[in-house]
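Engineer:
Chains as they are written, first to last, in the working numbering: chain A, 1 to 406; chain B, 407 to 812.
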């Protein structure tokens, strides 16, 4: 008897017909002999309404009360899903975070899961009862309702899969899997059958909004096999698993991009030890995340140019922080631009293969696309380019790495 | 330092402006030196929406899941009210039924309160923090969410007032008190300053929907002083208290009526011992409540006519039950009518004064209104009359007992 977690996002439970359809999917797994835990999000739009109410009543609201309010969306969904299952003859009951309990820390609005109480849940699952768990919510150490932050239901599902020893955690959403690139731009993008946790993480952090980063991290840590699939068709989705499960490693699994990039260049910074710390220290203190960094020796060999990227939201603050420290840092010019995009090739295969970056640079050079900044990790090469070239670059790279569908 | 419970119904928290206004009323009591517990209903309309969702998903729904769904309305209100209070600088936190805990039995959908855990709540109230309690909900013995039935927030408020030793329980609603009669019919009806629990119970059971009957019963049992008042003006409301608090007892406090009556007459029933039991036994078994009963000896002195009333909803079932037992009961005709109304004069003063019923009969006779059935209790005289005479009867009685406003 294997266990399964099925998670249905907001668009998959947006109305009663969809809830009934989702219940039908659960019933199929139960009929196939699985013990099933279901995790539900709030009905699409409900959380936004609740957030708006909370925002409107008080500009400086209490995050503890915010959690009380917004967690009601998942509570209602869980009750409705349990009813829909019972209506199909499937024994089911709803579970709120505090009932399981799904323990978290006390950081309201973005709490982290600290443990899942399994005694009663385990007994019920073993007896064949479907557990319908309200996603996104938990209980803090003081006995108050917490929420896990936007998209937290994915994390609930993974935590539950780990705690129940589920064979797989199926994440039902409105896309049918993970693609080699954005299909709206790259017409020949293909759905991947499998992808590794590491690749998925890189994809997610680059704006592929299929899965919440935290959920993937937790799945990787706990070895939970994830499947991303659509609740609007019956196609198989994309499995997110460990490398060991993927026999034939391809060099590159996907081409991702992020428009949420802005570039800052400081010219003629004194080229002395500690200069990077002097520049990035104040930014870190201001809670500004710096992504790509490149430092070039300038022509005069006594100064250096430093270029880095931040999110577009943080750009003005970053400029302000640096201008405030101008005297101390002693740079020449401060240049900034937000008409840039980060394009990345991602693949665990590149660990064991040289030349991946070189192929990228060549493919871009062949189209006359200038690379402004480069950064690499073990399984990713990212370049910053002019935003105008986004589509051209994505299609060029998709072809260059042999990802195009037939 | 005295304690106060303030309960705001759905129309009093129907939108954010009203929630802010209600928070202002709480702040005034806090500023006046009270320790305050606030009980909130769901925002007007929300409970109906939730009930509709539950009804639509499954015709034979699980009452436990129904409670999970409908209790979210009060949860959201409680969070919003706590935020609104904090925004006014009043320390406040929300409390769900399971957090207090407000313990109930496991009769989901209409649970009864079995106890209120006061340790933490007491400490918080004493420290000056306002407790914002989600009305209508509790926690059953199995740790599941229960609800108290429609209007249950009044009961929550009274239970909390009893548990916290509150000086008074203020029920804010959309009417400004209890009237001597229905002001829509009797233009000269007056708002009562005070009314006894017993009178309020009779009024409530006759369709004056100001307070839930259960809440009044609990208040009477626990000696909780209630005040019914409007959240839309600043007039004093009506105090519902024990008889000892009302110095000058009037003979009659109010004239009530109920259109939810239907009449059944069985003619020529054999006049022998046990006949009443034979008639009403099967009705009781069918869970049909019989209200007024009258039995007359017929002309032949060997048979009797029995007339009684049931609610209009139950009329057809009552007729069916009796027809099924016709052979056994051996009656002549079965006559039924639903164009009747029950009019009642209510007042604890009639305990010590004779002649109240006589005044009623005379006032009605003077207007040519025929009385079909009479029933009396210690503090009430009720008559069943033709529905056409409802308004005439109410105005005549209101004047006859000196209740008319100047």
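Here a beta-carbon is modelled for each residue, glycine too, at the ideal position from N, C-alpha and C.
Is it true that the CB of residue 173(A) sits closer than 8 angstroms to the CB of residue 11(A)?
Structural biologist: yes
Engineer: Return the chain-ordered list of same chain residues with a C-beta closer than 7 angstroms to the C-beta of residue 271(A), the five sequence neighbours on each side being excluded.
Structural biologist: 297, 302, 303 and 304
Engineer: Just to confirm the assignment: which complete alpha helix (DSSP H) runs, minimum length 4, are found wholly within the segment 191 to 228 of chain A?
Structural biologist: Here the runs fully enclosed are 197 to 205 and 213 to 222.
Engineer: Please report the Cβ distance between residue 463(B) and residue 83(A), rounded to the nearest whole angstrom; I am assuming they are in contact, meaning their Cβ atoms lie under 8 angstroms.
Structural biologist: 5 angstroms
Engineer: Which of the three DSSP states is assigned to residue 426(B) in this structure?
Structural biologist: helix
Engineer: Less than 8 angstroms separating the beta-carbons of residue 752(B) and residue 658(B)?
Structural biologist: Contact: yes.
Engineer: Nearest to residue 111(A) by alpha carbon, out of 98(A), 348(A), 137(A) and 133(A)?
Structural biologist: 137(A)
Engineer: Tell me which same chain residues have a C-beta within less than 6 angstroms of the C-beta of residue 595(B), skipping the five on either side of it?
Structural biologist: 585, 586, 587 and 589
Engineer: Given a cut-off of 8 angstroms on the beta-carbon distance, is the pair residue 667(B) and residue 748(B) in contact?
Structural biologist: yes
Engineer: Output yes or no for whether 8 angstroms exceeds the beta carbon distance between residue 94(A) and residue 73(A).
Structural biologist: no
Engineer: So for residue 249(A), helix, strand or coil by DSSP?
Structural biologist: coil
Engineer: With 8 angstroms as the threshold, decide whether the Cβ of residue 471(B) is near any Cβ in chain A.
Structural biologist: yes
Engineer: Just checking my contact of residue 135(A) with residue 41(A) at CB under 8 angstroms: how many whole Å lie between their CB atoms?
Structural biologist: 5 angstroms
Engineer: Among 263(A), 214(A), 233(A) and 197(A), which has the Cα closest to the Cα of residue 244(A)?
Structural biologist: 197(A)
Engineer: Please confirm whether residue 137(A) has its beta-carbon closer than 8 angstroms to some beta-carbon of chain B.
Structural biologist: no
Engineer: Between the C-alpha atoms of residue 779(B) and residue 520(B), what's the straight-line distance to the nearest angstrom?
Structural biologist: 39 angstroms
Engineer: Name the chain B residues that come within less than 8 angstroms of residue 100(A), Cβ to Cβ?
Structural biologist: Residues of chain B passing the Cβ test: none, with the nearest at roughly 11 angstroms.
Engineer: Does the count of Cβ pairs from the segment 120 to 130 of chain A and the segment 138 to 153 of chain A closer than 8 angstroms reach three?
Structural biologist: no
Engineer: Could you please give me the residues that DSSP links to residue 713(B) through a beta bridge?
Structural biologist: 671(B) and 700(B)
Engineer: Taking the alpha helix (DSSP H) that residue 361(A) falls in, what are its first and last residues?
Structural biologist: 356 to 366
Engineer: Would you verify that the beta carbon of residue 430(B) is, or is not, closer than 8 angstroms to some beta carbon of chain A?
Structural biologist: no
Engineer: Beta carbon of residue 622(B), beta carbon of residue 575(B): below 8 angstroms?
Structural biologist: no
Engineer: If you check the beta carbons only, do residue 116(A) and residue 44(A) fall under 8 angstroms apart?
Structural biologist: Their beta carbons are not under 8 angstroms apart, which means residue 116(A) does not touch residue 44(A) by this criterion.
Engineer: Please list, in chain order, all residues of the same chain as residue 396(A) whose beta carbon is under 6 angstroms from its beta carbon, the five residues on each side excluded.
Structural biologist: 363 and 367
Engineer: Could you tell me if residue 719(B) is buried or exposed, where buried requires 16 or more neighbouring beta carbons within 10 angstroms of its beta carbon?
Structural biologist: exposed
Engineer: Please state if the CB of residue 193(A) and the CB of residue 239(A) are separated by a distance shorter than 8 angstroms.
Structural biologist: yes
Engineer: Spatial neighbours of residue 64(A) within its chain, please: CB distance less than 6 angstroms, with the 5 preceding and 5 following residues excluded, ordered by chain position.
Structural biologist: 108 and 144
Engineer: With 16 as the cutoff for other CB atoms within 10 Å, does residue 608(B) come out buried or exposed?
Structural biologist: Per the 10 Å Cβ criterion, buried.
Engineer: Answer with yes or no whether the minimum CB distance from residue 53(A) to chain B is below 8 angstroms.
Structural biologist: yes
Engineer: Please list the partners that residue 474(B) has in chain A, where partner means a Cβ-to-Cβ separation under 8 angstroms.
Structural biologist: 75, 76, 78, 79, 82, 94 and 96
Engineer: List, in order along the chain, the chain A residues whose C-beta lies closer than 7 angstroms to that of residue 478(B)?
Structural biologist: 72, 75 and 76
Engineer: Consult DSSP for residue 86(A) and reduce its assignment to one of helix, strand or coil.
Structural biologist: In the three-state reduction of the DSSP assignment, residue 86(A) falls in the helix class, which pools H, G and I.
Engineer: Locate the alpha helix (DSSP H) running through residue 324(A), then write down its first and last residues.
Structural biologist: 315 to 324
Engineer: According to the neighbour-count rule (16 or more other Cβ atoms, all chains shown, within 10 Å of its Cβ), is residue 309(A) buried or exposed?
Structural biologist: buried
Engineer: Tell me which same chain residues have a C-beta within less than 6 angstroms of the C-beta of residue 743(B), skipping the five on either side of it?
Structural biologist: 669
Engineer: Taking residue 410(B) as part of the beta strand (DSSP E), name the residues at either end of that continuous run.
Structural biologist: 409 to 414
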